[in-house]
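Participant: Sharing a structure, written as structure tokens. Questions coming.
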């Protein structure tokens, strides 16, 4: 499968500049997005769809950065996107799903419970129901029994396409997941918000304010720290076939985008 790396939301945060890393996959079953970033409706009505956090994280709200516009620039139509697999339901990861109303939205059952079905008071403050008010077809998955490359629970999404695996990794949110994609020579593990900065993996100093923001956003900080340790261990293993990718670290995005440049169809 061919993988395109899209930045679907630059953010001029005071802690550190960040991107919103989205995978666009060309599969035999149509196009698949991993996360969706900010969408056109977020740009049109940021107060309703992003809320007060827009003043803190300062999204660019650039139409050219939306997944919709980037899909179109690659020569595809919005209707070619048949599936969107999301790491979690935070607004900077799912805002773009409304631009692909025909797509099936895949997530964990735990994330649906926390965001839509029976959210706690804290979760009701966290999520933005306007982002799914268009009534998307949400497909729930329960990755609760299959170990996979050091993770306790994973599910291969063969109904979408071979080589896409949903890996349960709660902590940042109740049902947070990582999405693994088979690149051929290795697996790319899109970690969503399981970590924010490459320093979690390689020891590069992390801006303290960024750590503070990550802790503030975590539903379960102890689990987040445990996830950090697990991901760092996997990153440092010589025999691993995983390349671990943050959703928001611009250096991770730049390196992958440079290695696999996006080219319009001929």
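Residue numbers (the working numbering): 82 to 347.
Just so you know, even glycine gets a beta-carbon here, dropped at the ideal spot from N, CA and C.
(1) Residue 279: buried (16+ other C-beta within 10 angstroms of its C-beta) or exposed?
(2) Assuming residue 305 contacts residue 271 (C-beta within less than 8 Å), just tell me the rounded distance between them.
(3) With a 10 Å radius around its C-beta and 16 neighbouring C-beta atoms as the bar for buried, classify residue 130 as buried or exposed.
(4) Taking the alpha-carbon of residue 243 as reference, which of 127, 293, 111, 103 has the nearest alpha-carbon?
(5) Hey, out of 321, 250, 160, 251, whose CA is closest to residue 230's CA?
(6) Relative to the C-alpha of residue 275, which residue among 290, 307, 283, 246 is closest?
(7) Go ahead and pull the three-state DSSP assignment for residue 334.
(8) Would you mind reading off the limits of the alpha helix (DSSP H) that contains residue 91?
(9) Looking at residue 168: is its Cβ nearer than 9 Å to the Cβ of residue 221?
(10) Would you kindly work out how many angstroms separate the C-alpha atoms of residue 154 and residue 147, rounded to a whole number?
(11) For residue 167, which three-state DSSP category applies?
(12) Within 10 angstroms of the Cβ of residue 158, are there 16 or more other Cβ atoms? Answer buried if so, exposed if not.
(13) Three-state secondary structure (DSSP) at residue 346?
Facilitator: In short:
(1) buried
(2) About 17 Å separates the two Cβ atoms, so there is no contact after all.
(3) buried
(4) 111
(5) 321
(6) 307
(7) helix
(8) First-last for residue 91: undefined, no H or E at that position.
(9) no
(10) 11 Å
(11) coil
(12) exposed
(13) Confidence at residue 346 is low in this model, with a pLDDT of 39, below 50, so its placement is unreliable and the value that follows should be read with caution. Correct three-state label for residue 346: coil.
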